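*Asks:*
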Amino acid sequence: MREQLLAFVSRRGTLLEPAAVEYLLSQQDPMGPLDRFFASCAELPLMVTLQDVVRTADLGRTAALRAQVNAAPAVALRVPAAVAAPSREASASFRRQSESASDHAPDVRILRDITGRSTCEGTLEDFTRYFRNRFQTLSRMLRNRRELGGAQEISKARRSTREVRFIGMVSDVRDTKNGHRILELEDETDRISVLVLADSSSASETFVNDEVVGIVGKVNDRGLVIAESVVRPDIPVVRPFRGIGEHIRAAFISDVHVGSTTFLDEKWSKLTTWMSSDDELARSLRYLVVSGDVVDGIGVYPRQDEELAIDDIYGQYEALAKMMAPLPDHLTVIMIPGNHDAVRPAEPQPALPQPIRKLFDSNLIFAGNPSLVSLHGVKVLAYHGRSMDDFVSAIPGMNYHRPLDAMREMLKMRHLAPIYGGKTPIAPEAEDHLNVDEVPDIFATGHVHSVGVDAYRGVVLVNSSTWQAQTPYQKMRNIEPLPARLPIVDLGTGAAVIKEF
Ligand code: D5M
Ligand code: FE
Ligand code: ZN
């Protein structure tokens, strides 16, 4: 095959870069991308590069390649506006409205979860199918936007001389020396470059690789699109919080890290003692959503054993089960895993396996990461939040203390982990479980060991805290955690408070 490829290229009077040869040989149809490349070229280059053949391959291959060569491009992005500081203590009116949780039977339905439904084997075909599904779902959302009515395929749009509208997946973002920005976009038919001028309305937007956006613009005589606007899937209409009639409350925790020497057992005891107490706020809690990293795990990072108080994974979950036993009966717990838990690291992660579940009280509800869960009809999207590491790396100004900024970006992009090939491993499932297909009423994350509550376009944002003190790794990276804070949301009104322990 190698000889065939080289002969095919040399007959056309050009050469093939060695990396391109290797890439093509790894494909099911090595000639396909080459054929497409030659067909798309007016003038042949001296050498056909890896970039050239990948550009003409299927949607999402650029992402695959980026992951392969591990060359994450630098992206210049905007710092979003500051968020309001969360209220540190339960407000008087929140406390006054408390209703006793034991008066309400639990009403939990898991609406979306990968658990038991994983089909992917991680082949290249799975990968292509995954990116197609991601593109189709997000472009369907964009097509419903008035601004993008009649959006064309990129291959048609590029030949137009009038205003064009199209949808594409971002395969590269770069800044020009004049402060403009160039987005490379691809769909299933073609690729195109889009110039976002420094003085345009979209110049202050942040863009990341592999998100899907819509473009309204004009093609210039060199085939470059000058964007008039860039449209995000976003939450197009601001809705009021769709609450229920009663003041039923949900509390949010994550990152308990049981088994670590830095686990804060005294703070945890304070929490469980308070939860079982007669305090009216404590008695109003009907649900406890636990958003992953419930134990510290084993072998999650190099030399972790030096920081473990319990070095057996079952021992860690057993200890957690014991610690949760004193929680009151009127509290229904929903638990999803995170990157320290004993399930596959690739997202979407399934729920904790049966041998671990059986260590816990039988009322505990286990779900995958992410999961969309209905609590009395209020939809809670729970996601551990690993992708925030990638948002922090890709977007200057984003940091671990401001997780709500990253969460807002996820809702604008309608995707929990848009950036492929960074720190967040993604399993290419047939259906993209990481898109935000249905707009939740509450969006909860953890992972960054910070805390915050806010709202974005009618969605309550919650980032739950940790029950672990600063780790040596975090000290080295200057990450200052905010442990032992408990966000509480009223499912009736969407009002949220944070209680400190
Ligand atoms: O992550 C806890 C916090 O530490 C979170 O803010 C991410 C940060 N962290 C942890 N490990 C890494 C690596 N390897 N790179 C960058 N940031 C990291 P946790 O999931 O609890 O370990
Ligand atoms: Fe954690
Ligand atoms: Zn984590």
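My numbering runs 28 ahead of the 1-based position in the sequence shown.
Glycine residues also receive a C-beta, built at the ideal position from the N, C-alpha and C atoms.
Keep in mind the model is a prediction, meaning the values are calculated, not measured.
Is there a Cβ of chain D sitting closer than 8 Å to that of LEU462, yes or no?
*Replies:* Among the chains in the structure shown there is no chain D, since it carries only a single protein chain.
*Asks:* Can you tell me which of TYR315, ALA497, GLU214 and ARG145 puts its alpha carbon nearest to the alpha carbon of PRO515?
*Replies:* Numbered from its first residue, the sequence shown carries residue 515 at position 487. Minimum Cα distance to PRO515 is reached at TYR315.
*Asks:* According to DSSP, is ILE182 part of a helix, a strand, or is it coil?
*Replies:* To locate residue 182, count along the sequence shown from 1; it is residue 154. Of the three classes helix, strand and coil, the one that applies to ILE182 here is helix, per DSSP.
*Asks:* On the DSSP bridge assignment, give the partners of PRO515 in chain order.
*Replies:* Sequence index remark: in the sequence shown, residue 515 carries index 487 (1-based). Looking at the DSSP assignment, PRO515 forms a beta bridge with ILE526.
*Asks:* How should ASP249 be labelled, buried or exposed, when 16 other C-beta atoms within 10 angstroms of its C-beta is the threshold for buried?
*Replies:* The residue you call residue 249 lines up with position 221 of the sequence shown. Result: exposed.
*Asks:* Quick check: the Cα distance between PRO398 and HIS475, rounded to an integer number of angstroms?
*Replies:* In the sequence shown, counting from the first residue as 1, residue 398 sits at position 370. In the sequence shown, counting from the first residue as 1, residue 475 sits at position 447. Approximately 13 Å, taken between the alpha carbons.
*Asks:* Indicate, with yes or no, if the ligand ZN has a heavy atom lying under 7 Å from the CB of ARG505.
*Replies:* As a working note, residue 505 is residue 477 in the sequence shown. ARG505: no, Cβ never under 7 Å from the ligand ZN.
*Asks:* Going by the CB atoms, is the gap between HIS404 and ILE220 shorter than 8 Å?
*Replies:* In the sequence shown, residue 220 corresponds to position 192, counting from 1. In the sequence shown, residue 404 corresponds to position 376, counting from 1. No; because the gap between Cβ atoms is not below 8 Å, this pair is not in contact.
*Asks:* Under 5 Å, CB to any heavy atom of the ligand ZN. Which residues pass, going along the chain?
*Replies:* Here the list is ASP321, GLY366, ASN367 and HIS475.
*Asks:* Between which two residues does the alpha helix (DSSP H) containing TYR329 stretch?
*Replies:* As a working note, residue 329 is residue 301 in the sequence shown. From DSSP, TYR329 is part of no alpha helix (DSSP H); its letter is neither H nor E.
*Asks:* Looking at ILE263 and LEU439, is the spacing between their C-beta atoms short of 8 Å?
*Replies:* In the sequence shown, residue 439 corresponds to position 411, counting from 1. In the sequence shown, residue 263 corresponds to position 235, counting from 1. Result yes, Cβ atoms of LEU439 and ILE263 sit closer than 8 Å.
*Asks:* At a cut-off of 7 Å, would you count ASP283 as near the ligand D5M, judging by its Cβ distance to the nearest heavy atom?
*Replies:* Numbered from its first residue, the sequence shown carries residue 283 at position 255. It does: the Cβ of ASP283 is within 7 Å (strictly closer) of some heavy atom of the ligand D5M.
*Asks:* Considering only the beta carbon of each residue, do ILE182 and THR217 sit closer than 8 Å?
*Replies:* Position 154 of the sequence shown, counted from the first residue, corresponds to residue 182. Position 189 of the sequence shown, counted from the first residue, corresponds to residue 217. Yes; because the gap between Cβ atoms is below 8 Å, this pair is in contact.
*Asks:* With three or more C-beta pairs closer than 8 Å as the rule, is the segment 191-206 touching the segment 475-489?
*Replies:* Contact between the segment 475-489 and the segment 191-206 is absent, because fewer than three Cβ pairs lie under 8 Å.
*Asks:* Between ARG311 and TYR329, what straight-line distance do the alpha-carbon atoms span, to the nearest angstrom?
*Replies:* For this step, residue 311 is matched to residue 283 along the sequence shown. For this step, residue 329 is matched to residue 301 along the sequence shown. Straight-line Cα distance between these residues: approximately 39 Å.
*Asks:* Give me, in chain order, the residues of the same chain whose beta-carbon lies closer than 6 Å to that of SER402; leave out the 5 immediate sequence neighbours on both sides.
*Replies:* Translated into the one-based positions of the sequence shown, residue 402 becomes position 374. Excluding residues within five positions, the ones whose Cβ falls inside 6 Å are ARG137 and LEU139.
*Asks:* Going by C-alpha distance, which of PRO378, ALA410 and ARG202 is nearest MET435?
*Replies:* Indexing the sequence shown from 1 puts residue 435 at position 407. Among PRO378, ALA410 and ARG202, the Cα nearest to that of MET435 belongs to ALA410.
*Asks:* Could you check whether the Cβ of HIS275 sits closer than 7 Å to any heavy atom belonging to the ligand FE?
*Replies:* Sequence index remark: in the sequence shown, residue 275 carries index 247 (1-based). Outside the cutoff, so no.
*Asks:* Within the same chain, show all residues whose beta-carbon is closer than 7 Å to that of ALA109, passing over the 5 residues directly before and after it, in chain order.
*Replies:* Within the sequence shown, the letter at position 81 stands for residue 109. Because the pLDDT at ALA109 is just 28, under 50, the model does not fix this residue reliably, and the value given afterwards should be weighed accordingly. Excluding sequence neighbours, ALA109 sits near nothing in its chain.
*Asks:* Tell me whether THR499 counts as near the ligand FE, meaning its Cβ is closer than 7 Å to at least one heavy atom of that ligand.
*Replies:* Here residue 499 refers to the residue found at position 471 of the sequence shown. No - the ligand FE has no heavy atom lying nearer than 7 Å to the Cβ of THR499.
*Asks:* Return yes when the C-beta of GLN180 is under 7 Å from any heavy atom of the ligand D5M, and no when it is not.
*Replies:* Taking the sequence shown and counting its residues from 1, the one referred to as residue 180 is at position 152. For the ligand D5M, not one heavy atom lies less than 7 Å from the Cβ of GLN180.
*Asks:* Would the C-beta of HIS208 count as close to the ligand D5M, meaning under 7 Å from any of its heavy atoms?
*Replies:* Counted from its first residue, the sequence shown places residue 208 at position 180. Because no heavy atom of the ligand D5M lies under 7 Å away, the Cβ of HIS208 does not count as near it: no.
*Asks:* If you compare alpha carbons, which of VAL236, ALA353, PHE65 and MET169 is closest to ASN463?
*Replies:* The residue given as residue 463 occupies position 435 in the sequence shown. Selected option, being the one with the closest Cα: MET169.
*Asks:* With DSSP run on the structure shown, which of helix, strand or coil describes ASP80?
*Replies:* Taking the first residue of the sequence shown as position 1, residue 80 is located at position 52. Looking at ASP80 - three-state DSSP - the assignment turns out to be helix.
*Asks:* With a CB to CB cut of under 6 Å and the five nearest residues on each side skipped, what residues in its chain are close to PHE394?
*Replies:* Position 366 of the sequence shown, counted from the start, is the residue given in the question as residue 394. MET363, ALA379, LEU380 and ARG385.
*Asks:* Whole angstroms are fine: how far does the CA of ARG414 sit from the CA of THR521?
*Replies:* On the sequence shown, residue 521 is found 493 positions in, with the first residue counted as 1. On the sequence shown, residue 414 is found 386 positions in, with the first residue counted as 1. THR521 and ARG414: Cα-Cα distance of roughly 29 Å.
*Asks:* Which residues bound the beta strand (DSSP E) around SER402?
*Replies:* The residue given as residue 402 occupies position 374 in the sequence shown. That run of the beta strand (DSSP E) goes 399-403.
*Asks:* Can you tell me whether THR360 is buried or exposed? The criterion is at least 16 other CB atoms within 10 Å of its CB, across all chains shown.
*Replies:* Counting from one through the sequence shown, the residue named residue 360 turns up at place 332. THR360 comes out buried.
*Asks:* Say yes only if the C-beta of HIS461 is nearer than 7 Å to one or more non-hydrogen atoms of the ligand D5M, and no if none qualify.
*Replies:* Taking the sequence shown and counting its residues from 1, one reaches residue 461 at position 433. Because no heavy atom of the ligand D5M lies under 7 Å away, the Cβ of HIS461 does not count as near it: no.
*Asks:* Shortest alpha-carbon distance to LEU444 belongs to which of MET504, PRO376, ASN391 and THR494?
*Replies:* Sequence index remark: in the sequence shown, residue 444 carries index 416 (1-based). Nearest of MET504, PRO376, ASN391 and THR494 to LEU444, Cα basis: PRO376.
*Asks:* GLU233: which of ALA472, LEU519, MET441 and ALA455 sits nearest, CA to CA?
*Replies:* As a working mapping, residue 233 is identified with position 205 in the sequence shown. Closest option to GLU233, Cα to Cα, is MET441.
*Asks:* With C-beta atoms as the reference, is HIS132 less than 8 Å away from GLU274?
*Replies:* Taking the first residue of the sequence shown as position 1, residue 132 is located at position 104. Taking the first residue of the sequence shown as position 1, residue 274 is located at position 246. Yes, the Cβ-Cβ distance between HIS132 and GLU274 is below 8 Å.
*Asks:* Flag this pair as yes or no: are the beta carbons of VAL322 and ASP369 separated by less than 8 Å?
*Replies:* Taking the first residue of the sequence shown as 1, we reach residue 322 at position 294. Taking the first residue of the sequence shown as 1, we reach residue 369 at position 341. Going by C-beta atoms, VAL322 is nearer than 8 Å to ASP369.
*Asks:* Could you compute how far the alpha carbon of LEU336 sits from the alpha carbon of GLU214?
*Replies:* Position 308 of the sequence shown, counting from 1, holds the residue named residue 336. Position 186 of the sequence shown, counting from 1, holds the residue named residue 214. If you take the alpha carbons of LEU336 and GLU214, they lie about 46 Å apart.
*Asks:* How would you write the range of the beta strand (DSSP E) that GLU437 sits in, first residue to last?
*Replies:* The sequence position of residue 437 within the sequence shown is 409, counting from 1. Per DSSP, GLU437 belongs to no beta strand (DSSP E); it is in the alpha helix (DSSP H), 431-441.
*Asks:* Just to confirm the assignment, what range does the alpha helix (DSSP H) spanning LEU503 have?
*Replies:* If you number the sequence shown from 1, residue 503 lands on position 475. Here the sequence assigns Lys to residue 503, which means Leu is not the residue at that position. Segment 500-504, the alpha helix (DSSP H) holding LYS503.
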